[in-house]
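Protein sequence lines, in the order shown, are assigned to chains A and B. Positions 114 to 485 (this note's numbering) are the ones given, in order, by the first sequence. Positions 225 to 436 (this note's numbering) are the ones given, in order, by the second sequence. Have a look at the structure below, then the notes.
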Amino acid sequence: MKWTNRQYVDLMTYNHPERPMFSELFGPIVGLADEWRKQGATEDMIAMRGFAFDYVPYYNLGNLDSIHRQKEIVIEDTPLRYEGIDHYGRKVRMDKRTSTIPLPETFPVETMDDWLEIKHMFEYDACRITEDEIAKAKALQDKGTLIKSEILGGFDILRELMGEENCCIAFYEDPELIEDILNTISETNVRVLSEISKHLTIDQLSVHEDMAGKTAPMIGPNLVSEFIVPYYLKSWELVKNAGTKLFCQDSDGNMNPVIDAFIEGGINIFYPCEPAGDMDIVALRKKYGHKIAFRGGIDKHIIRRSKEEIDAELAYKMQPCMMEGGIVFGLDHRIPNGTPLENYIHYIRRAREILGLPEFEKCEPSWGRMAF
Amino acid sequence: MSTTILQEISEKIQKGKTKDIKALVPKALEEGIPASDILSDGLLAGMNTVGVKFKNNEVFVPEVLIAARAMKAGTEILKPHLVSADTSAKGKVILGTVRGDFHDIGKNLVKMMMEGHGLEVIDLGVDVSPEAFVAAAKEHNADIIACSALLTTTMEEMRNVVTLCETEGIRDHVKIMIGGAPITDAYRAEIGADAYTSDAASAAEKAAAFFA
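Here you go:
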């Protein structure tokens, strides 16, 4: 079912929602479509629409990413492999059989001088937000589309520019560099978000961090509080004062040690809440109540196992305390390889049954990615 | 006196104070403390404490990295003094991220932690084929092959490593350890690997335990 921005905001703020949403946040991983076709999936199922998922259409307003990017260069592009130079001048590579995102081998920033050379890519420019774009967003919002703006991740952008190890070390050995990068981006965020907020209320501020492994986040609460929270608050306080209610963070892995710190930074939606990373949405609900909301939370690996395990996972995750709002139920990331179509259909049927929804075959096909 | 300075070295390692380590290690040598004691009771002791704190989520990757950097500075100073002493590594580990996977931070942390436990680690990098793992294990007469994977699409390469070790006749001499985001102990059992650990510090402890 297609939801409106208002319905979604009400759900995620626990404002008397009719019911939780049930969706697929990301869709299938590379290779799964071929597996499912062999198992008899329809093209509507491959496209996810066949399962009649809930979704809210959204529109990203304003460009808070890097601009004036370098021209990308392809070094090798075969059916198996990609290698090239990306918009930051990084050498990137990818095995197409296993991945969809090329990973960098080199990074543009090691010193303050390196940063100063590319700093202009992150500074304010009038092209970042235009009157036409705002007018378009306003018209869409009036018809129920969710308007979001996305700031760069305070950790994520450092990793992209410096590499994981160098940025981690820089927190201790070159904090001035970290602060200059984040302050530059903050100033741009504030100018763009201020301009937008004169004309409309952003429904959701988003940030992508992906900063955690299976057992812990890359950085701890001390560094989050010292560097990332001040960066978040400059944007969040501005849009919050203009009426925005949602600030959503995307991070895989175990974020438990830094949840409190990020709540201080304004985050009130965490996703995708990966159980393999010890993120238990039921335990988090019991700990934080209505202070935070979630998208995801259902273990994608369970769907590859037995139907009994699927039932147990859903019975646990979809218990009454989770039905009060503040949740978009869905798998905690892309549907993995080796997920039998039969199991996936069982998962959909069982979840819809618990939620009191009609059988998916009797509904209009619908789906939109909910990774925002 | 020696206990005090070794404790101090351990504490400075834990705080990642490279400059202090560069001053303290020569001072300890001047005091006549054997290089092997400085290594084991100062540098490695400090790094092992970092490992325990990392496992308990008391410190995180940045703190591990600066500690490892300080330890490296200390071992560089000790190297010439360790040549004559019996300080050979406890065992040899072939480490890499499996074929098709270019993620390396987890693998790099495992390397640091294993070295902190006195193991010699031969790091093959990322996108390592089963053939390369096995060839390196044979070449270096390794005790352990340690495989890392972040992706569900690449984890099956671990099974290929186990199978190739069997067909190449080295399975009885080599322990196979696996880890990474999608890996579980159930998967370890399924493919017949010897050990799965959920984090870098546990991987190092497990590897060291094979030689206890």
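We treat Cβ as the ideally placed atom computed from N, Cα and C, and that holds for glycine.
What did DSSP end up calling residue i once you bin it into helix, strand or coil?
{"i": "F435 of chain B", "result": "coil"}
{"i": "K115 of chain A", "result": "strand"}
{"i": "T321 of chain B", "result": "strand"}
{"i": "H321 of chain A", "result": "strand"}
{"i": "L87 of chain A", "result": "There is no way to answer for residue 87 of chain A, as the model of chain A reaches only from 114 to 485."}
{"i": "D287 of chain A", "result": "coil"}
{"i": "Q432 of chain A", "result": "coil"}
{"i": "C361 of chain A", "result": "strand"}
{"i": "A406 of chain A", "result": "strand"}
{"i": "D208 of chain A", "result": "strand"}
{"i": "N487 of chain A", "result": "Because chain A here runs from 114 to 485, residue 487 of chain A falls outside it and cannot be looked at."}
{"i": "I372 of chain A", "result": "helix"}
{"i": "F164 of chain A", "result": "helix"}
{"i": "K261 of chain A", "result": "strand"}
{"i": "P330 of chain A", "result": "strand"}
{"i": "A196 of chain B", "result": "The requested residue 196 of chain B does not occur in the structure, where chain B is confined to residues 225 to 436."}
{"i": "K246 of chain B", "result": "helix"}
{"i": "Y384 of chain A", "result": "strand"}
{"i": "V345 of chain B", "result": "strand"}
{"i": "I402 of chain B", "result": "strand"}
{"i": "I411 of chain A", "result": "strand"}
{"i": "N367 of chain A", "result": "coil"}
{"i": "L438 of chain A", "result": "For clarity, residue 438 of chain A is Gly in the given sequence; the question names Leu instead. Note: G438 of chain A maps to coil in three-state DSSP."}
Sorted by chain position, which residues of the same chain lie with C-beta nearer than 7 Å to residue i's C-beta, five sequence neighbours on each side aside?
{"i": "V342 of chain A", "result": "A374, E377 and G378"}
{"i": "G144 of chain A", "result": "N450"}
{"i": "L267 of chain B", "result": "I233, I237, M295, G298 and T299"}
{"i": "P420 of chain A", "result": "Sequence inspection shows Lys at residue 420 of chain A; the Pro mentioned does not correspond to that position. Within the same chain, K420 of chain A has close Cβ partners N456 and H459."}
{"i": "T376 of chain B", "result": "P406"}
{"i": "K232 of chain A", "result": "T297"}
{"i": "D178 of chain A", "result": "L265"}
{"i": "K413 of chain A", "result": "L444, D445, H446, I448 and P449"}
{"i": "Q432 of chain A", "result": "V395"}
{"i": "I415 of chain B", "result": "M382, R383 and V386"}
Do residue j and residue i have their beta-carbon atoms positioned less than 9 Å apart in this structure?
{"i": "M401 of chain B", "j": "T387 of chain B", "result": "no"}
{"i": "K399 of chain A", "j": "C361 of chain A", "result": "no"}
{"i": "T213 of chain A", "j": "R203 of chain A", "result": "no"}
{"i": "P330 of chain A", "j": "F284 of chain B", "result": "yes"}
{"i": "D323 of chain A", "j": "M392 of chain A", "result": "no"}
{"i": "I260 of chain A", "j": "N118 of chain A", "result": "yes"}
{"i": "D328 of chain B", "j": "G349 of chain B", "result": "yes"}
{"i": "A432 of chain B", "j": "L343 of chain B", "result": "yes"}
{"i": "P170 of chain A", "j": "K209 of chain A", "result": "no"}
{"i": "N173 of chain A", "j": "V305 of chain A", "result": "no"}
{"i": "P388 of chain A", "j": "I423 of chain A", "result": "no"}
{"i": "E278 of chain A", "j": "P217 of chain A", "result": "no"}
{"i": "G330 of chain B", "j": "E287 of chain B", "result": "no"}
{"i": "A259 of chain B", "j": "L302 of chain B", "result": "yes"}
{"i": "L138 of chain A", "j": "M368 of chain A", "result": "no"}
Between which residues of its own chain and residue i is the CB-CB distance below 8 Å, once the five residues before and five after are set aside?
{"i": "P334 of chain A", "result": "P370, V371, D373 and A374"}
{"i": "A160 of chain A", "result": "W480"}
{"i": "I461 of chain A", "result": "F164 and F473"}
{"i": "E292 of chain A", "result": "F340"}
Grab me the residues of residue i's own chain with a C-beta within less than 6 Å of its C-beta, minus the 5 sequence neighbours each way, in chain order.
{"i": "T378 of chain B", "result": "V322, G324 and D325"}
{"i": "A154 of chain A", "result": "L454"}
{"i": "A252 of chain B", "result": "I229 and I262"}
{"i": "Q152 of chain A", "result": "L454"}
{"i": "Y201 of chain A", "result": "P221"}
{"i": "T452 of chain A", "result": "I416 and R417"}
{"i": "A146 of chain A", "result": "I159"}
{"i": "T126 of chain A", "result": "K358"}
Compute every distance between the C-beta of residue i and the non-hydrogen atoms of the ligand FAD, then say whether any falls below 8 Å.
{"i": "A252 of chain A", "result": "Only the bare structure without any ligand can be found here, which leaves the ligand FAD out of the picture."}
Can you name the residues of chain C whose CB is closer than 7 Å to the CB of residue i?
{"i": "T155 of chain A", "result": "The chain inventory of the structure shown lacks chain C, comprising the protein chains A and B."}
Inset, instruction - Decide if the segment 425–439 of chain A is in contact with the segment 452–468 of chain A; the criterion is three or more beta carbon pairs, one per stretch, under 8 Å apart. - result: yes
Legend entry - Stretch pair the segment 293–307 of chain A + the segment 230–240 of chain A: three plus CB contacts closer than 8 Å: yes
Legend entry - the segment 278–288 of chain A touching the segment 346–363 of chain A, judged by at least three CB pairs closer than 8 Å: No: fewer than three Cβ pairs fall under 8 Å.
Inset, instruction - Decide if the segment 398–414 of chain A is in contact with the segment 436–443 of chain A; the criterion is three or more beta carbon pairs, one per stretch, under 8 Å apart. - result: yes
Legend entry - Any 3 or more C-beta pairs closer than 8 Å across the segment 266–275 of chain B and the segment 316–328 of chain A: no
Legend entry - Length-filtered (4 minimum) alpha helix (DSSP H) runs lying within the segment 117–156 of chain A: 118–125 and 145–151
Legend entry - beta strand (DSSP E) segments (min. 3 residues) lying fully within the segment 349–385 of chain B: 368–372
Legend entry - the segment 318–328 of chain A in contact with the segment 413–431 of chain B per 3-pair CB rule at 8 Å: yes
Inset, instruction - Count the C-beta pairs between the segment 328–337 of chain B and the segment 383–398 of chain B that are closer than 8 Å, then say yes if the count reaches three, no if not. - result: no
Inset, instruction - Say whether the segment 126–145 of chain A touches the segment 160–180 of chain A, bearing in mind that this needs 3 or more beta-carbon pairs closer than 8 Å, one atom from each stretch. - result: Yes: the two stretches touch, three or more of their Cβ pairs being nearer than 8 Å.
Inset, instruction - Could you tell me which uninterrupted alpha helix (DSSP H) segments, each at least 4 residues in length, are contained entirely in the segment 250–338 of chain B, listed from first to last along the chain? - result: As far as the segment 250–338 of chain B is concerned, its whole alpha helix (DSSP H) runs of at least 4 residues are 269–279 and 285–306.
Inset, instruction - Let me know the beta strand (DSSP E) ranges lying completely inside the segment 158–203 of chain A, each 3 residues or longer, listed in chain order. - result: 171–173, 186–190 and 194–198
Legend entry - Complete runs of the alpha helix (DSSP H) confined to the segment 212–272 of chain A [at least 4 residues]: 225–231 and 244–255
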